[in-house]
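**Student:** Quick one: this structure, given as structure tokens, is what I'll be asking you about.
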Amino acid sequence: MSGYSNLWYSIKNHINEVRGIKNVGYADANDSLKVDNRTMQIFILDVFLHEHRKKYGSGVFPLQGKNALHHKILMKYKWPLSVIREMSLNDSLFVLQDELILANLPEDAQRYLSHQEGTVQIAFDDLQEHEWKPTIAEIFLQVQER
1 MSGYSNLWYS IKNHINEVRG IKNVGYADAN DSLKVDNRTM QIFILDVFLH EHRKKYGSGV
61 FPLQGKNALH HKILMKYKWP LSVIREMSLN DSLFVLQDEL ILANLPEDAQ RYLSHQEGTV
121 QIAFDDLQEH EWKPTIAEIF LQVQER
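For the sequence shown, the residue numbers in my numbering are 1 to 146.
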């Protein structure tokens, strides 16, 4: 499996776990669609931030975890870091909405996602902070680079 595929399924399994949704046996179709939608959102965020880390991180300061998200928002809006660190994940995604699009991802990530897109977009009513686990992407996207 590619790094993208491993990342996709790791995110999906993590969301299922956080939400308490079974991913084997009988599963509610709407829940499955919601998980796929959230997986897509987190995948796009992870790949987007991976590209940001490559551009602005360094061996000494690699912008690990949420630091990449905070750095991106800081660069874009110049808000005080204390304000950025207090933002919820939902608010952070909201302020980056215009950049979290497929066109801003590498071509190979766009190709991978073209096989994952569903025609029906059903979303959870909320975004739980623990649905995003940045360390998942840091592992699998380094593998994708090789």
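Don't be surprised by glycine CBs; every beta carbon is placed ideally from N, CA and C. Given the structure is predicted, the values throughout are model-derived calculations rather than measurements.
1. Would you check if the segment 129-143 and the segment 4-18 touch, i.e. whether three or more CB-CB distances between them fall below 8 Å?
2. What first and last residue would you give for the alpha helix (DSSP H) that runs through TYR9?
3. Measure the Cβ-Cβ separation of ASP36 and ILE21 and say whether it is below 8 Å.
4. Could you tell me if MET75 is buried or exposed, where buried requires 16 or more neighbouring beta carbons within 10 angstroms of its beta carbon?
5. I'd like to check one pair, GLN121 with VAL18: are the Cβ atoms closer than 8 Å?
6. Assign ASN16 to one of two classes, buried (16 or more other C-beta atoms within 10 Å of its C-beta) or exposed (fewer than that).
7. Look at SER88 and ILE73 and say whether their C-beta atoms are less than 8 Å apart.
8. Using the Cα positions of ILE42 and PRO134, report the straight-line distance between them to the nearest angstrom.
9. Considering Cα atoms alone, identify which of ASP125, GLN110, TYR26 is closest to LEU45.
10. Quick check: the segment 45-65 against the segment 76-83, are there 3 or more CB pairs under 8 Å?
**Tutor:** So, from the listed chains and residues:
1. The segment 4-18 makes contact with the segment 129-143, as at least three CB pairs between them are under 8 Å.
2. As a working note, residue 9 is residue 9 in the sequence shown. Segment 3-19, the alpha helix (DSSP H) holding TYR9.
3. Within the sequence shown, residue 36 is the residue found at index 36, counting from 1. Within the sequence shown, residue 21 is the residue found at index 21, counting from 1. Against a cut-off of 8 Å, the Cβ pair of ILE21 and ASP36 comes out as no contact.
4. Stepping through the sequence shown from its first residue, residue 75 is reached at position 75. For MET75, the number of other beta carbons within 10 angstroms of its own is below 16, and it is reported as exposed.
5. Taking the first residue of the sequence shown as position 1, residue 18 is located at position 18. Taking the first residue of the sequence shown as position 1, residue 121 is located at position 121. No, the pair does not count as a contact, with Cβ atoms beyond the cut-off.
6. If you number the sequence shown from 1, residue 16 lands on position 16. Around the beta carbon of ASN16, a 10 Å sphere encloses 16 or more other beta carbons of the protein chains shown; the residue is thus reported as buried.
7. What you label residue 88 is simply residue 88 of the sequence shown in a count that begins at 1. What you label residue 73 is simply residue 73 of the sequence shown in a count that begins at 1. With a cutoff of 8 Å on beta-carbon distance, SER88 and ILE73 are scored as not near each other.
8. As a first step, residue 42 must be located in the sequence shown, where it is residue number 42. As a first step, residue 134 must be located in the sequence shown, where it is residue number 134. Taking the straight line from one Cα to the other gives about 9 Å.
9. Position 45 of the sequence shown, counting from 1, holds the residue named residue 45. Checking every option, the nearest Cα to that of LEU45 belongs to GLN110.
10. At 8 Å Cβ cutoff, the stretches do not touch.
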